[in-house]
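Residue numbers (the numbering used here): 12 to 546.
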Ligand SMILES: [Cu+2]
């Protein structure tokens, strides 16, 4: 699907990224989809090119069938990234791929390795996204359910297991006959080497954990930022995150070893995804002699928190955050109802993105394109986050938070009880256009003036995605220094579809050129199509 020429731009040292994606019409047994689409370059900050962020209705109009749209942007930081559709739930339908940025010529990674593998993880449903979307917006609500399979680089199994001979299951064994679609991509390794595994998750729903039988891993990168190396038996990864781990092939080379990926954070009803580390001294078809590692129990949140709290930036790799913030948003994550429909809301507002890209409506000062009042900065003090909402009624909103350019922003993500008692879900929040510092995680309701005293301002990790645990809070800080309009949202596809996101804007008046093709819809479309072409 990807044709990457990775060429240099303009003959200078800046490396521009250009990519030709041929995205075809696809069909399944249920519907024919006419595809409009938008591609987001997840983790790339788009410094100076906010129109290339690929978010439908925010940075651009969706691209219609037959149209071309040129994304051209600067890759300023090496790391493990990916791209995916950002229109409706297209990511869930399989519109994604890896995006690896190598260090610039003459530069070196701060760790050594002999080879590398990409593992892009996702989850898969048999029901089409069109049907899923209808179900999510229906009364009564029809939840998408747990995925039928987990995929590694787009490959997975259904109704068969690659480990049936050791797993004590009645499921038939998948055979490795060659080019079967179900056969996982095998990691062929040499003994006594170090491999870099680039692991990214673009799941629609699942939080995952990955383990390699009899091998430890050393975590060295998170979301395109170097971290102080630490050793783990297994690694948690939430949708929207990426990690690099180093794998030393220091085990008996006369056998193969399982890589197992399983679901965390939700009661799983999806088999583990499996593949194999194959030492070249052993036949590929020789399956490991013992069962695959089993993912830690899904609701062991203490374990997940202890992993999250082990991340620190590699010494000297990034600056610490500013000591003071200028503005703090406290964002309550709740499940609500609008006209009987289940929604997710932030400070009681469920996001409905405007039909005109915000980047254009702000730049051209189109007052009627969206609600110009700022959404709420916090929620009522008396709100009990441990109980279902007393009044679950919510409203739709299309407003945005506008930040003073270069100001320091704190965001406290406050989780709460969903509509059902004793239920609170994991939400991995992803910010476009920036990395943020993760200042801390806590339990229950965030206590202003007390919990913020305990923030890690010395060496918090830089990330673009961070999870808020059930019934807990997560504190983030970033500097609003990238002119543009930026999505900040839960990376769980159905949650975003149900309104779980907000929009940030800063410095839009500083922007020069925004390509006309980005804005040919909604009110900006009307304006541009009646005005003479400025080029
Ligand atoms: Cu969510």
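Backbone N, C-alpha and C fix where the C-beta goes; we use that ideal spot for every residue, glycine too.
Heavy atom of ligand 1 less than 7 angstroms from the Cβ of residue i, yes or no?
i, result
"residue 252", "no"
"residue 436", "yes"
"residue 511", "yes"
"residue 503", "yes"
"residue 97", "no"
"residue 506", "yes"
For residue i, collect the residues of the same chain with a Cβ closer than 7 angstroms to its Cβ; drop the 5 residues on either side in sequence, then sort them by chain order.
i, result
"residue 528", "80"
"residue 542", "none"
"residue 465", "451"
"residue 301", "177"
"residue 124", "205, 206, 207, 257"
"residue 137", "159"
"residue 120", "114"
"residue 144", "99, 100, 508"
"residue 25", "The pLDDT assigned to residue 25 is 43, lower than 50, so where the model puts this residue is not dependable, and the model offers no usable value."
"residue 135", "158, 159, 160, 162, 167"
"residue 62", "70, 71, 370, 525, 526, 529"
For a cutoff of 8 angstroms on Cβ pairs, would you count residue i as touching chain D?
i, result
"residue 314", "This model lacks chain D altogether, as it is built from one protein chain only."
Could you please give me the residues that DSSP links to residue i through a beta bridge?
i, result
"residue 414", "517"
"residue 406", "360"
"residue 439", "478"
"residue 447", "474"
"residue 501", "440"
"residue 161", "134"
"residue 212", "132"
"residue 259", "205"
"residue 425", "343, 484"
"residue 229", "242, 257"
"residue 143", "For residue 143, which the question treats as bridged, DSSP gives no partner whatsoever."
"residue 489", "420"
"residue 354", "347"
"residue 48", "74"
"residue 535", "For residue 535, which the question treats as bridged, DSSP gives no partner whatsoever."
Which same chain residues end up closer than 8 angstroms to residue i when comparing Cβ atoms and leaving out the 5 residues on each side of it in sequence?
i, result
"residue 96", "48, 49, 50, 51, 102, 104, 106, 107"
"residue 176", "184, 298"
"residue 540", "531"
"residue 199", "289, 291, 295"
"residue 266", "290, 293, 297, 299, 300"
"residue 350", "150"
"residue 304", "222, 223, 224, 245, 269, 271"
"residue 179", "302"
"residue 317", "none"
Who are the Cβ neighbours of residue i in its own chain at under 6 angstroms, not counting the five residues just before and after it?
i, result
"residue 345", "356, 400, 427"
"residue 359", "405"
"residue 533", "366, 367"
"residue 153", "146"
"residue 375", "none"
"residue 202", "260, 264, 290"
"residue 362", "510, 512"
"residue 3", "Nothing can be reported for residue 3: it is not among the residues displayed for the chain, which extend from 12 to 546."
"residue 491", "414, 418, 420, 517"
"residue 306", "220, 273"
Check whether the segment 96 to 105 and the segment 519 to 538 touch, using three or more Cβ-Cβ pairs below 8 angstroms as the test. Fewer than three beta-carbon pairs drawn from the segment 96 to 105 and the segment 519 to 538 are found closer than 8 angstroms, and the two stretches are therefore not classed as touching.
Say whether the segment 327 to 337 touches the segment 389 to 405, bearing in mind that this needs 3 or more beta-carbon pairs closer than 8 angstroms, one atom from each stretch. With the cut-off at 8 angstroms, the segment 327 to 337 and the segment 389 to 405 do not touch.
Cβ pair count under 8 angstroms reaching 3, the segment 202 to 218 against the segment 490 to 509: Touching, yes, given that three or more Cβ pairs across the two stretches are closer than 8 angstroms.
Counting pairs of beta carbons, one from the segment 441 to 459 and one from the segment 472 to 483, are three or more of them closer than 8 angstroms? Judged by Cβ distances under 8 angstroms, the segment 441 to 459 makes contact with the segment 472 to 483, as three or more pairs qualify.
So, does the segment 106 to 120 touch the segment 84 to 96, judging by three or more C-beta pairs under 8 angstroms? Contact holds: three or more Cβ-Cβ distances are below 8 angstroms.
For the 8 angstroms Cβ check, are there 3 or more pairs between the segment 277 to 288 and the segment 228 to 239? Not touching, per the Cβ criterion.
With contact counted as at least three CB pairs below 8 angstroms, one residue from each stretch, are the segment 427 to 441 and the segment 381 to 389 in contact? Contact between the segment 427 to 441 and the segment 381 to 389 is absent: fewer than 3 CB-CB pairs across the two stretches fall below 8 angstroms.
Is the segment 484 to 503 in contact with the segment 238 to 247, if contact means three or more CB pairs nearer than 8 angstroms? No contact exists between the segment 484 to 503 and the segment 238 to 247.
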